[in-house]
Structures are given as structure tokens and as C-alpha cells.
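Take a look at the structure below.
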DNA sequence: ACCTGAACACCGTTCAAGT
DNA sequence: ACCTGAACACCGTTCAAGT
């Protein structure tokens, strides 16, 4: 979005009036750079070179700001991923879009899991509900399937994001998973646990996420009325 | 000095030496009473009538304490729910046990969604993996199915807990959902959205959670080798 | 109306000093 | 060895005062 032409220019047009939009934009930038713990009201004021109280003129609370920032990331993603004819394809594309967005902005994962009816979560609900309906589900079954899918997507994304947060690069991740698998296998005599531990370092979160979406889709289809 | 002449001895053997166990116990009690924001190191020291630094002698960090508290709640639940012969039944019992525990201790929901490989999450992984295997899934398919189920359970529980946190009693919840459904239906012309909004106030989170588990189970069975 | 920045009431964590 | 509690370096939020 912002194209930095050089290191000389630090603050972008600070003469502009403050607005909710500009504050949310700054928050997203800070969250991407410094993580969730880096988002402080003081950091936002420094970024926008303004006073503390000015922020509260446009934003109710820090939680409000976090939710708005999450919405700012999720909204465009849902818009981009929409528009598939095949409903199952549409669901996969949406789910993957959300996953990738959270992979790129881990703090979004934690935020979406925190509030059930924040704007970003409602948007996800709506965008997944439409293709689910076209899959032949409606009424209470649609509500159940929609809740299950949304909860799975948010849960998986949150877990992945939490993992990404504590092992940022692939090498660290690999090392961490191997250590964990080793410990796991050592602590437990169960052969099943050992087998699962062995698979831990090699697996790809994104593929596994998609496999979960497919399991879910298979379940919905099989319950909706069997196969044709 | 503090003179506790109060009603017949409220604190249990405060002469006992401090220990990790006693600190975790106190944390659980505080979290249940005052919620996540009520858990401060100062509150713990007050509860145990000790100094700040003493806590850090037995616990590495506040996050460590939170994770241990979650483990203290989840562990017994998993032990109680185990031991069903029928694997599908076992999975339902475990999932429901976790859901109910999080319903009773909402802070656990937020905590489990935060760290992917904390002890409590590993325990959940193991306890769900065994019946899944007995359902006829193994190898990579087992890892995929296990991840999907765990992520769904944790995601749904986190969302439910977040909802429970902001609308504690049934009346508040009802009112909140009705307001939300109204707003939702007003903002959106889509008939599908309106239909879903109408179902919102009447639904039961626990039943919907179980419906999701069943969708998932149907998906696993249908992918594992079709129906007999 | 919008903004400033000092002040308030908190945090988690550390550490010299006690027993 | 275990514990104390003052001190440190932070927080989010408010509010009288400025423009």
C-alpha cells in the first residue's frame, strides 16, 4: 500500500486531519511491524505525531481499534475471494483467503477468536453462508453448518497464527516442531502418539487446513441428502 | 499489620509453604470469580497473602500461570470423559466435556486458542486422536482429521466463551442476540441473511456445537472408505 | 470542534534486603 | 532457600487547558 521511496521521509503528510480511517491504518501498520504487544496508544500517537487524547476522539477504546483493524484486513480478502460459480470451490477459496490473510497478519487470528460478533466475523459468516446455501443446505441445518465452518476456520487460523507468532521463519518452525515431536514421543509410550509425533515436523499447516475444509464439506454433503 | 478477625477462617491453611500447585489453584479461583482481567499478580499475592516476588519463585511468567490454570481445568475433564467403547460416542463425550468446561470457565476458551502447543491442547489432541484412530483413520489422514477436530472444538469453544463473557445470563444473551439479529436483518437485503438472522436468537450453542461435531464425524467416515 | 500532554490509576517483572 | 516489598518501566484512559 504505502510505497516508501526513501528512508529520508518518515511521517506521511502529518498536516492531514486525523480520522478514524487514518488511525486504523496506522494501527494495522504497527501491528504488522511490531505485533500485538507493539500496539499501544502511545505508539499510535507517535506514528501520527499527535497527542494521546486525540485518538480517543475517533476511537472508543483500544479494543475497538483492534477490531476495526481486523476488519480492515479481512474485508478486502473476502471481496477478492468471492465470485466462484461452484459453491464448494467458493468455500475453499474463501477459507484459504482467510487463512492466508491470517498467515500474513497473525494478530488477526487472535483478534477474530476473541469476539464472536465483531464486524469481521459477521462478514465471514455472510460470505460463507451464501455458497453453503447453494450447496443445498437451509434453515437450521444451514445455521449449524455455517457455525461449524466459521468456528473451524477461525479456530484453525488462530492456532496457526499462534504458532507462526512464536516461530516466525521456517527454520525456527522446523526446529521447534522436531523438538516438540521428540519430547512428545519420549513422554508417551502409546504407539499412536509416537506415529503422530513423527508426522508433526513434516506437515504443512496450509494443506492440513484445506484438508479440514474438505472433511467438513464431505460431512455437509453426506448429511444433506447423500450422494446423487 | 493486618488483623483477620473475620468470619470463621476463610483462607485454607495459609501457613502452608507456597508451591506451584497452590498458586495455580489460586489463579483458577481468581479467574472464575473475576475473569481474565481480574488475574493480576497482585491479586494472586493478596489471595495467598504473600509478596510479589514469591510468585516468580514458582512460576516463570503470568502466561505460564495462565497456561497451567487452563491445564488444571482441562485435565480432569478429559480423564472423566474417556472410556467409551464406541469411538464416535467417545469423541462426542470428549468434545462435550471440553465445551462444558469452557462454558463454566470462559477464560479457558480464550487461553486454549492462544497457544497451539501448550500442555492442555496437547492433552486434547491425544484424547481425541485415540478414538479417531479406532474410527479407521490413520497416518496422514489421522493427522488431518485430528487437527480439524481439535481446531473446530477450540474455535467453537472460544467463540462461545467470548459470547458468554459479554452476556453472562440467559436474559442478557437473548436480548443481545435479538438486537443483533434485528440490526443484521436491517443492514442486509439478502433473504438468506434475513433467514439466518431469524434463527439467531432461538438457537442453542451447545446443540449447535454438537451438530458441528456430527458434521465432522460424517465427513471423516465418508472420506475414510464410504459407507458399508 | 479538535487537539494537547500532564496526570491518574493501574500493570508485570526485578532485585537488594531480610529470615 | 525462600520470601518480602519497594522500585522500575511500562500500560489505557481521562481531562483541564489550549487553538
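Protein chains in written order, with the numbering used here: chain A, 1451 to 1678; chain B, 1451 to 1678. Note that beta-carbon positions come from the ideal geometry of N, C-alpha and C, so glycine has one too.
- [ ] For residue 1576 of chain A, return the contacting residues in chain B, with the cut-off set at a CB-CB distance below 7 Å.
- [x] 1643
TODO: Helix, strand or coil for residue 1620 of chain A, going by three-state DSSP, please let me know.
DONE: helix
- [ ] May I ask you to report which of helix, strand or coil DSSP gives residue 1455 of chain B?
- [x] For residue 1455 of chain B, the predicted model reports a pLDDT of 28, less than 50, meaning its position is unreliable; a value from the coordinates is still stated below. In this structure, residue 1455 of chain B counts as coil in the three-state DSSP scheme.
Open item on the list: Buried or exposed, going by whether 16 or more other CB atoms sit within 10 Å of the CB of residue 1662 of chain A?
Closed with: buried
TODO: Flag this pair as touching only if the stretch 1547–1559 of chain B and the stretch 1492–1505 of chain B have three or more C-beta atom pairs under 8 Å; answer yes or no.
DONE: no
Open item on the list: Let me confirm a value: residue 1477 of chain A is counted as buried when at least 16 other C-beta atoms fall within 10 Å, else exposed. Which label applies?
Closed with: buried
Open item on the list: Taking the straight line between their C-alpha atoms, what separation do you get for residue 1660 of chain A and residue 1666 of chain B?
Closed with: 14 Å
Task: Cα-Cα separation, residue 1566 of chain B to residue 1496 of chain B - done: 31 Å
Open item on the list: Taking the beta carbon of residue 1585 of chain B as the centre, do at least 16 other beta carbons fall within 10 Å, making it buried, or is it exposed?
Closed with: buried
Open item on the list: Quick check on the DSSP output: what are the complete alpha helix (DSSP H) runs of length 4 or more inside the stretch 1596–1642 of chain A, in order along the chain?
Closed with: 1620–1637
Open item on the list: Let me see if you follow: with CB-CB separation under 8 Å, is residue 1594 of chain B close to chain A or not?
Closed with: yes
TODO: Work out the CA separation of residue 1523 of chain A and residue 1499 of chain A for me, nearest whole Å.
DONE: 24 Å
- [ ] Consult DSSP for residue 1543 of chain B and reduce its assignment to one of helix, strand or coil.
- [x] helix
Open item on the list: Distance cutoff 8 Å, beta carbons only. Does residue 1511 of chain B sit that close to anything in chain A?
Closed with: no
TODO: Can you give me the Cβ contacts of residue 1525 of chain B inside the same chain, cut-off strictly under 8 Å, excluding the 5 residues immediately before and after it?
DONE: 1570, 1573
Open item on the list: Strictly below 7 Å CB to CB, what residues from chain A border residue 1565 of chain B?
Closed with: 1612
Open item on the list: Quick test of the definition: if touching needs 3 or more C-beta pairs under 8 Å, does the stretch 1631–1642 of chain B touch the stretch 1633–1640 of chain A?
Closed with: no
Open item on the list: Using beta carbons (cut-off 8 Å, strictly below), is residue 1590 of chain A in contact with chain B?
Closed with: yes
TODO: Kindly say whether residue 1666 of chain A, judged by its beta-carbon, lies nearer than 8 Å to any beta-carbon of chain B.
DONE: yes
Open item on the list: Taking the straight line between their C-alpha atoms, what separation do you get for residue 1609 of chain B and residue 1599 of chain B?
Closed with: 15 Å
Task: Whole-angstrom C-beta distance between residue 1575 of chain A and residue 1596 of chain A, which should lie under 8 Å - done: 6 Å
Open item on the list: With a threshold of 8 Å between beta carbons, is residue 1432 of chain B in contact with chain A?
Closed with: In the structure as shown, chain B begins at 1451 and stops at 1678. Residue 1432 of chain B is therefore absent and cannot be evaluated.
TODO: Specify, as a first and last residue, the run of the alpha helix (DSSP H) that residue 1492 of chain A falls within.
DONE: 1491–1497
Task: Buried versus exposed, by CB contacts within 10 Å (16 or more), residue 1579 of chain B - done: buried
Open item on the list: Quick check on residue 1581 of chain B: does DSSP put it in helix, strand or coil?
Closed with: helix
Open item on the list: DSSP three-state label for residue 1646 of chain A, please.
Closed with: helix
Task: Burial state of residue 1612 of chain A (16 or more Cβ within 10 Å) - done: buried
- [ ] Using a Cβ-Cβ cut-off of less than 9 Å, list which residues of the stretch 1545–1561 of chain B approach chain A; keep chain order.
- [x] 1559, 1560
Open item on the list: Between the alpha carbons of residue 1479 of chain A and residue 1501 of chain A, how many angstroms are there, rounded?
Closed with: 19 Å
Open item on the list: To the nearest angstrom, how far is the alpha carbon of residue 1677 of chain A from that of residue 1488 of chain A?
Closed with: Residue placement at residue 1677 of chain A is poorly supported in this model, since its pLDDT is 47, which falls under 50; the coordinates are not used for a value here.
Open item on the list: When you compare the CB positions of residue 1668 of chain A and residue 1652 of chain B, do they come within less than 8 Å of one another, or not?
Closed with: no
TODO: Quick one: grab the DSSP three-state call for residue 1515 of chain B.
DONE: helix
- [ ] Using alpha carbons as the reference points, say which of B/1602, B/1619, B/1486, B/1513 lies closest to residue 1568 of chain B.
- [x] B/1513
Task: CA-to-CA distance, residue 1518 of chain B to residue 1601 of chain A, given in whole angstroms - done: 25 Å
Task: Collapsed DSSP secondary structure at residue 1475 of chain A in the structure displayed - done: helix
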